[in-house]
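Reading through the structure tokens given below for one structure.
Residue numbers (our numbering): 24 to 253.
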């Protein structure tokens with residue numbers, strides 16, 4: 024590419040000194056003990072949740088813990104102004120009962136998640152769901168080493184709720200916390216075969232395709248908030 028058409032701003036960036044290497048988020052856990060007991064109420068659980076939070080927040084995620092539907096609703100409502108709408112997985116697929124009811128009690132409208140198979144009419148359904156400020160889902164598991172949540176998609180557990188809104192709130196049972204993906208596969212050898220789509224989400228959506236400037240929320244949510252249940 025000649026100098027006449029090569030972007031000067033990009034050329035200047037390429038001549039900058041290389042950045043210092045950034046350790047993988049998992050490296051941040053070296054000084055933290057990784058527990059092997061994940062029973063709710065045991066002390067190691069708190070250690071593992073803290074370790075997950077370190078890795079998740081290192082890649083731009085947010086982490087909370089809730090023990091009731093009302094506490095989950097408060098997390099979601101903190102992101103709502105106008106419209107007070109949420110697109111969510113069905114209540115029976117979430118790891119805590121009563122979340123839908125707690126949201127409605129706060130004046131939140133839960134959007135119908137139906138998307139027609141008719142290509143000519145599909146855009147209207149997608150635009151309706153994309154207009155929700157928050158997408159609420161469950162999560163099959165969480166991985167301590169990278170701060171990732173594992174989403175398992177099948178009937179009633181769609182992908183759009185975690186992709187279209189600018190904020191994704193994922194509810195994860197504390198007992199579904201694993202050291203890494205290898206540990207999850209060892210604990211559940213058939214997890215991949217039992218789902219239509221298994222996705223690991225690590226922090227909010229980001230890209231640096233345009234002049235190597237990091238931008239969030241281009242290909243998905245700009246905020247991911249993981250809420251541990253239990």
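C-beta: ideal position from N, C-alpha, C; glycine also.
In terms of alpha-carbon separation, which member of the options lies closest to residue i?
i	options	result
residue 111	97, 173, 185 and 93	185
residue 153	246, 206, 161 and 187	187
residue 98	76, 122 and 113	122
residue 85	147, 191 and 109	191
residue 173	220, 100 and 150	220
residue 179	209, 189, 135 and 91	135
residue 151	109, 115, 116 and 177	109
residue 68	209, 244 and 199	199
residue 149	181, 100 and 92	181
residue 116	175, 70 and 94	175
If residue i sits next to residue j, beta carbons under 8 angstroms apart, how far is it from one beta carbon to the other, in whole angstroms?
i	j	result
residue 11	residue 204	Since the first residue shown for the chain is 24 and the last is 253, residue 11 is missing from the structure and cannot be characterised.
residue 167	residue 74	5 angstroms
residue 189	residue 247	Actually they do not touch by this definition, with Cβ atoms about 10 angstroms apart.
residue 92	residue 124	7 angstroms
Can you list, in chain order, the residues of its chain whose CB lies under 6 angstroms from that of residue i, leaving out five sequence neighbours each side?
i	result
residue 251	72, 88, 195 and 197
residue 48	In this prediction, residue 48 scores a pLDDT of 40, lower than 50, which makes its location untrustworthy; the coordinate-derived value is nonetheless stated afterwards. Closer than 6 angstroms at the Cβ level, and outside the excluded window around residue 48, lie 78, 81, 82, 169 and 170.
residue 118	161, 194, 196 and 252
residue 207	164 and 201
Leaving out the 5 sequence neighbours to the left and right, which residues in its chain are closer than 7 angstroms to residue i when beta-carbon positions are compared?
i	result
residue 225	82, 169, 170 and 171
residue 130	107
residue 145	138 and 139
residue 113	179
For residue i, which residues of its own chain have a beta-carbon under 8 angstroms away from its beta-carbon, when the five flanking residues on both sides are left out?
i	result
residue 127	133
residue 53	A caution first: residue 53 carries a pLDDT of 33, below 50, which makes its placement in the model unreliable, though a value can still be read off. Excluding positions up to five away in sequence, the list is empty.
residue 76	86 and 170
residue 104	156
Does the beta-carbon of residue i have 16 or more other beta-carbons within 10 angstroms, so that it is buried, or is it exposed?
i	result
residue 142	exposed
residue 228	buried
residue 120	exposed
residue 177	exposed
residue 244	buried
residue 209	exposed
residue 249	buried
Hey, is residue i close to the ligand GDP, as in C-beta under 7 angstroms from one of its heavy atoms?
i	result
residue 148	The model on display carries no ligand, and the ligand GDP is accordingly not part of it.
Three or more C-beta pairs closer than 8 angstroms, one from the stretch 210 to 217 and one from the stretch 143 to 158: is that the case here? no
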